[in-house]
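Participant: First to last, the sequence lines map onto chains E and V. Every letter in the first sequence is one number past the one before it in the working numbering, and letter 84, counting from 1, is 110. Every letter in the second sequence is one number past the one before it in the working numbering, and letter 54, counting from 1, is 80. Positions of the beta carbon are idealized from the N, C-alpha and C atoms, including for glycine.
Number of protein chains: 2
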Amino acid sequence: MEAALGSKHLNQTEKALIGLRSMIMAGRFKTGQRLPEIAVSEQLGISRTPLRQAMDRLVAEGLLDRISTGGCRVARFTKEDIADAIQIRGVIEGTAARMAAERGADPDLLAHAKSILSQIDTALSESGGIDFDAYVSANRAFHDIIAHLSGSALMIRELERMAQLPLASPSAFLSDQELIPDFQESLKHAQRQHRTILEAIENREGSRAEALAREHARLALMNFNYLTEQKPALAKNVPGLALLTEK
Amino acid sequence: MEAALGSKHLNQTEKALIGLRSMIMAGRFKTGQRLPEIAVSEQLGISRTPLRQAMDRLVAEGLLDRISTGGCRVARFTKEDIADAIQIRGVIEGTAARMAAERGADPDLLAHAKSILSQIDTALSESGGIDFDAYVSANRAFHDIIAHLSGSALMIRELERMAQLPLASPSAFLSDQELIPDFQESLKHAQRQHRTILEAIENREGSRAEALAREHARLALMNFNYLTEQKPALAKNVPGLALLTEK
DNA sequence: GCTTTCAAAATTGTATACAATTATTTTTAT
DNA sequence: ATAAAAATAATTGTATACAATTTTGAAAGC
Numbered sequence: 027m028e029a030a031l032g033s034k035h036l037n038q039t040e041k042a043l044i045g046l047r048s049m050i051m052a053g054r055f056k057t058g059q060r061l062p063e064i065a066v067s068e069q070l071g072i073s074r075t076p077l078r079q080a081m082d083r084l085v086a087e088g089l090l091d092r093i094s095t096g097g098c099r100v101a102r103f104t105k106e107d108i109a110d111a112i113q114i115r116g117v118i119e120g121t122a123a124r125m126a127a128e129r130g131a132d133p134d135l136l137a138h139a140k141s142i143l144s145q146i147d148t149a150l151s152e153s154g155g156i157d158f159d160a161y162v163s164a165n166r167a168f169h170d171i172i173a174h175l176s177g178s179a180l181m182i183r184e185l186e187r188m189a190q191l192p193l194a195s196p197s198a199f200l201s202d203q204e205l206i207p208d209f210q211e212s213l214k215h216a217q218r219q220h221r222t223i224l225e226a227i228e229n230r231e232g233s234r235a236e237a238l239a240r241e242h243a244r245l246a247l248m249n250f251n252y253l254t255e256q257k258p259a260l261a262k263n264v265p266g267l268a269l270l271t272e273k
Numbered sequence: 027m028e029a030a031l032g033s034k035h036l037n038q039t040e041k042a043l044i045g046l047r048s049m050i051m052a053g054r055f056k057t058g059q060r061l062p063e064i065a066v067s068e069q070l071g072i073s074r075t076p077l078r079q080a081m082d083r084l085v086a087e088g089l090l091d092r093i094s095t096g097g098c099r100v101a102r103f104t105k106e107d108i109a110d111a112i113q114i115r116g117v118i119e120g121t122a123a124r125m126a127a128e129r130g131a132d133p134d135l136l137a138h139a140k141s142i143l144s145q146i147d148t149a150l151s152e153s154g155g156i157d158f159d160a161y162v163s164a165n166r167a168f169h170d171i172i173a174h175l176s177g178s179a180l181m182i183r184e185l186e187r188m189a190q191l192p193l194a195s196p197s198a199f200l201s202d203q204e205l206i207p208d209f210q211e212s213l214k215h216a217q218r219q220h221r222t223i224l225e226a227i228e229n230r231e232g233s234r235a236e237a238l239a240r241e242h243a244r245l246a247l248m249n250f251n252y253l254t255e256q257k258p259a260l261a262k263n264v265p266g267l268a269l270l271t272e273k
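1. For GLU63 of chain E and PHE55 of chain E, I'd like the C-alpha separation in whole angstroms.
2. LEU90 of chain E lies in the beta strand (DSSP E); which residues open and close that run?
3. Since ALA111 of chain E meets chain V, which of its residues come closer than 7 angstroms, beta carbon to beta carbon?
4. Can you name the residues that DSSP bridges to PHE103 of chain V?
5. Within this structure, are the beta carbons of GLU236 of chain E and ILE172 of chain E separated by less than 8 angstroms?
6. Buried or exposed, going by whether 16 or more other CB atoms sit within 10 Å of the CB of GLU68 of chain E?
7. Can you find the residues in the same chain that come closer than 7 angstroms, C-beta to C-beta, to LEU150 of chain E, ignoring five residues on each side of it along the sequence?
8. Interface residues of chain V around ARG83 of chain E at Cβ under 8 angstroms?
9. Based on Cα-Cα distance, which residue from E:ALA179, E:LEU191, E:LEU70, E:HIS174 lies nearest to LEU180 of chain V?
10. Please confirm whether any heavy atom of the ligand FAD lies closer than 7 angstroms to the CB of ARG102 of chain E.
11. Does the distance from the CB of VAL100 of chain E to the CB of LEU269 of chain E come in under 8 angstroms?
12. Taking Cβ to Cβ, would you say LEU77 of chain E is nearer than 8 angstroms to VAL66 of chain E?
13. Where does ARG183 of chain V sit, in a helix, a strand or coil, going by DSSP?
14. Mind checking GLY32 of chain V: buried by the 16 CB within 10 Å criterion, or exposed?
15. Does the beta carbon of THR121 of chain V come closer than 8 angstroms to any beta carbon on chain E?
16. What's the C-alpha gap between ASN165 of chain E and GLY266 of chain E?
17. Measuring CA to CA, which of E:PHE103, E:GLN145, E:LEU143, E:ARG115 is closest to GLU241 of chain E?
18. Does chain E have any CB closer than 8 angstroms to the CB of VAL100 of chain V?
19. Only counting runs of 3 or more residues, tell me where the beta strand (DSSP E) segments fall wholly within the segment 54 to 93 of chain V, in order along the chain.
20. Only counting the same chain, and skipping five residues up and downstream in sequence, which positions put a Cβ closer than 8 angstroms to that of SER275 of chain V?
21. Take LYS105 of chain V as the anchor and find which of V:ALA80, V:LEU193, V:ALA239, V:ARG244 has the nearest alpha-carbon.
22. I want to verify the contact list: residues of chain V whose CB lies under 8 angstroms from the CB of GLN190 of chain E, in sequence order.
23. Quick check: ALA243 of chain E and ILE112 of chain E, are their CB atoms within less than 8 angstroms of each other?
24. Give a yes or no on whether the C-beta atoms belonging to LEU43 of chain E and ALA80 of chain E are separated by under 8 angstroms.
25. Answer yes or no: does any C-beta atom of chain V fall closer than 8 angstroms to that of ILE114 of chain E?
26. For a quick check, are the C-beta atoms of THR254 of chain V and PHE103 of chain V less than 8 angstroms apart?
27. Could you compute how far the alpha carbon of ALA259 of chain V sits from the alpha carbon of ALA52 of chain V?
28. Using Cβ-Cβ distances below 9 angstroms, what residues of the segment 128 to 154 of chain V are close to chain E?
29. For a contact meaning CB atoms closer than 8 angstroms, what does GLU241 of chain V contact in chain E?
30. Here's the rule: buried if 16 or more other CB atoms are within 10 angstroms of the residue's CB, otherwise exposed. What is ALA29 of chain E?
31. Determine the contact status of ALA276 of chain V and ILE142 of chain V, defining contact as a CB-CB distance below 8 angstroms.
32. Which term fits ASN263 of chain V, buried or exposed, when burial requires 16 or more other beta carbons within 10 angstroms of its beta carbon?
33. With a cut-off of 8 angstroms on the beta carbons, I'd call ILE108 of chain V and PHE250 of chain V a contact; round off their distance for me.
34. So, for GLY177 of chain V: in the same chain, excluding its five sequence neighbours on each side, which residues have a beta-carbon less than 8 angstroms away from its beta-carbon?
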């Protein structure tokens, strides 16, 4: 029997995937330049075969681009690309919310969603200030469960994919409290939105659930715009922003 | 210099991809059973390495599922899965239309879109009846250009991906004129929708463009439902329907 | 001095051999 | 005869060697 959480026996391909992704996110490769397989494989201590497999997956994810003449390079993301990614994720998540409302969500999942809301409440009202890590992880769980409430396997997969895209994740800008103005208020606002979204789903109000989920994504978009326009220096703290390039 | 259209020098991986996809679509593998790499590679006349690469890509596309104990199997799609795929594609395409309208589409692309509409008109009004192949190809081009009108590279990629999913493509049910009732009228109805979508984009009516594109996808959904519920026998003619399984 | 041409070096794409796992069959015990 | 255990066969995962391209650099020509 396998361990339920983490600690699975990773094979070489999975190791390569994790290692490569973190190298890319950290900006270890010059963007626009082909990334050399032999050098990387030696650096990761694996052979080229599983490395290339991992590269293929990252191409599918959109983190790497295939070069016509052979090999891959790190993808370049403009501010517009990232804004689009956030918006598209919001639209798809809105559709998940609408599906959940129209079709009627599974009661067990709904109960679970409510308990996640409580977890977020707790994280926000710790005596010594906000429990930041707890918030991020519960926030992620909430967005994940919205996908599952839709009852659509395809929807779950698509939202998982979208969350992988750099900076499109619902928690992408929550990595550093200093980054965003009125930070605590922003988190509480987001949590109020979470609650209304879930209420709309529970009340079977499809269109409303969809609109609210989209509105929720606009918060992430606003944070992103603020970050890149007002605090470009601090923005470097956000993992994945190393991939951001000028138009 | 490379040939602009088709006939590129395919490498082994691309050959494997094409071959495997058609084998899968044709239902050559028992669903739910692991597909054997050596046998398939011999059948395609390529070695295992590029075949495995192709398999990885098909996993990313969703046509194959990875098996925990090793290897892949052909994915199973229920009617609900396919209905969801059509709906989600409609939502994303709607977002593309809205983006195009709100941001203002490129004039050259708009002109091209109009010429595609004319092509569809021509295909529909051939003296000897509808020019079916011309319609399908122009229809595909129209949906492709909607993605490009959005001006978002990510959007273009996502819609390309969605179109690959079995039966989510806008032309998926146009493979056989016998399948759908009032076939000619259905095509003309779709073409009227194409025109209104483009008009909304041109007039910068974002919400309207989005709603119209969604409505357009509902036509595909209705055709699918009609097909599976009323004419299950004829449905076998539709490529990809071999993957359809019971709940 | 700059471009073009050709050769050398480096890198990717493919095949294959081997190791690690998983599936199947045979054997053995109850 | 059935079930458990062990051995065997088959299959996937990984490494590596080789072939085909592409890139780089040097020499030659203008």
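Facilitator: To lay it out plainly:
1. Taken atom to atom, the span from the alpha-carbon of GLU63 of chain E to that of PHE55 of chain E is near 12 angstroms.
2. Boundaries of the beta strand (DSSP E) harbouring LEU90 of chain E: 90 to 92, taken from the DSSP string.
3. Going along chain V in sequence order, the residues near ALA111 of chain E (Cβ under 7 angstroms) are LEU180.
4. DSSP, once it has assigned bridges, lists V:LEU270 as partnering PHE103 of chain V.
5. Not a contact, by the Cβ cut-off of 8 angstroms.
6. Around the beta carbon of GLU68 of chain E, fewer than 16 other beta carbons lie within 10 angstroms, which makes this residue exposed.
7. Within the same chain, LEU150 of chain E has close Cβ partners ILE156, TYR161, LEU213, LYS214, GLN217.
8. Near ARG83 of chain E (Cβ distances below 8 angstroms), the residues of chain V are ASP82, ALA86.
9. When each option's Cα is compared against that of LEU180 of chain V, the closest is E:LEU191.
10. The model on display carries no ligand, and the ligand FAD is accordingly not part of it.
11. Contact: yes.
12. The answer is yes: Cβ separation under 8 angstroms.
13. Three-state DSSP puts ARG183 of chain V in a helix.
14. Per-residue confidence for GLY32 of chain V stands at a pLDDT of 43, beneath the threshold of 50, marking its modelled position as unreliable; no derived number is given.
15. At a cut-off of 8 angstroms between beta carbons, THR121 of chain V contacts chain E.
16. Near 19 angstroms, if we compare the C-alpha coordinates of GLY266 of chain E and ASN165 of chain E.
17. Considering only alpha carbons, the answer is E:ARG115.
18. At a cut-off of 8 angstroms between beta-carbon atoms, VAL100 of chain V makes no contact with chain E.
19. Whole beta strand (DSSP E) segments, 3+ residues: 90 to 92.
20. Beyond the ends of chain V as shown, which are 27 and 273, falls residue 275 of chain V; an answer cannot be given.
21. Ranking V:ALA80, V:LEU193, V:ALA239, V:ARG244 by Cα distance to LYS105 of chain V puts V:LEU193 first.
22. For GLN190 of chain E, there are no neighbours in chain V by C-beta distance under 8 angstroms, as the nearest C-beta there is about 11 angstroms away.
23. Yes, they are a contact pair.
24. In contact: LEU43 of chain E and ALA80 of chain E (Cβ atoms closer than 8 angstroms).
25. So yes, ILE114 of chain E belongs to the interface.
26. Inclusion of THR254 of chain V and PHE103 of chain V in the CB contact set at 8 angstroms is not warranted, their separation being larger than that value.
27. Separation of ALA259 of chain V and ALA52 of chain V (C-alpha to C-alpha, rounded to the nearest whole angstrom) is 16 angstroms.
28. Along the segment 128 to 154 of chain V, there is no position whose C-beta sits under 9 angstroms from a C-beta of chain E.
29. Chain E residues near GLU241 of chain V: none, gap ~15 angstroms exceeds 8 angstroms.
30. Legend: pLDDT at ALA29 of chain E = 35, less than 50; position of this residue unreliable, value from coordinates given subsequently. Exposed, since its Cβ has fewer than 16 Cβ neighbours within 10 Å.
31. Nothing can be reported for residue 276 of chain V: it is not among the residues displayed for chain V, which extend from 27 to 273.
32. Within a 10 Å sphere around the beta-carbon of ASN263 of chain V sit fewer than 16 other beta-carbons, which makes this residue exposed.
33. Right, the Cβ-Cβ distance comes to about 6 angstroms (below 8 angstroms), so this counts as a contact.
34. Sequence-distant Cβ neighbours of GLY177 of chain V in its own chain, meaning closer than 8 angstroms and more than five residues away, are MET125, ALA126, ARG129, ALA131, ASP132.
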